[in-house]
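S.K.:
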Amino acid sequence: MTTPTRQQTPKKRGVNPWKWAFITLAAILIIGFGYLGTQMLRAGSEQVKPATSTPTSAASFNVTLNKKQLNAMAAYYLDQYQTESKQKVTYQLKLTMMRF
């Protein structure tokens, strides 16, 4: 005698919302980090050029001054600029601090 075999019907599983929420969150994070990475790399490769450049004939020399002498020199040039306001005076003062 044989016993009748039961056919097992596969259970239909519902949609797991946590699985899809995790996949969506992971995709958002991957896309976000990819976008940030490309923006950071692109910003580093672009170099900003100065608006004005010094002519090649401009003189360049090194000077050693203390704070008092530097303030006196700046005051002198500012006074000259104020008294000669009718003329356009342009100058550049670039300072480099050297420590020994």
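Position 42, counted from 1, in the sequence shown is what my numbering calls 37; the numbers after and before it change by one each time, with no gaps. Think of the CB as a built atom: it goes at the ideal place given N, C-alpha and C, for glycine as much as any other residue. None of the values given here were measured: they were computed from a predicted structure.
1) Can you name the start and end residues of the alpha helix (DSSP H) that residue 73 belongs to?
2) Please report the straight-line C-alpha distance between residue 58 and residue 37, rounded to a whole angstrom.
3) Please report the straight-line C-alpha distance between residue 21 and residue 11, rounded to a whole angstrom.
4) Do you know how far the Cα of residue 3 is from the Cα of residue 16?
M.R.: The short version:
1) Taking the sequence shown and counting its residues from 1, one reaches residue 73 at position 78. Per DSSP, residue 73 belongs to the alpha helix (DSSP H) from 62 to 78.
2) Counting from 1 along the sequence shown, the entry for residue 58 is found at position 63. Counting from 1 along the sequence shown, the entry for residue 37 is found at position 42. Spanning the two alpha carbons is a distance of roughly 39 Å.
3) Here residue 21 corresponds to residue number 26 of the sequence shown, with the count starting at 1. Here residue 11 corresponds to residue number 16 of the sequence shown, with the count starting at 1. Their backbone Cα atoms lie some 16 Å apart in a straight line.
4) Indexing the sequence shown from 1 puts residue 16 at position 21. Indexing the sequence shown from 1 puts residue 3 at position 8. Each residue's Cα considered, the two are about 32 Å apart.
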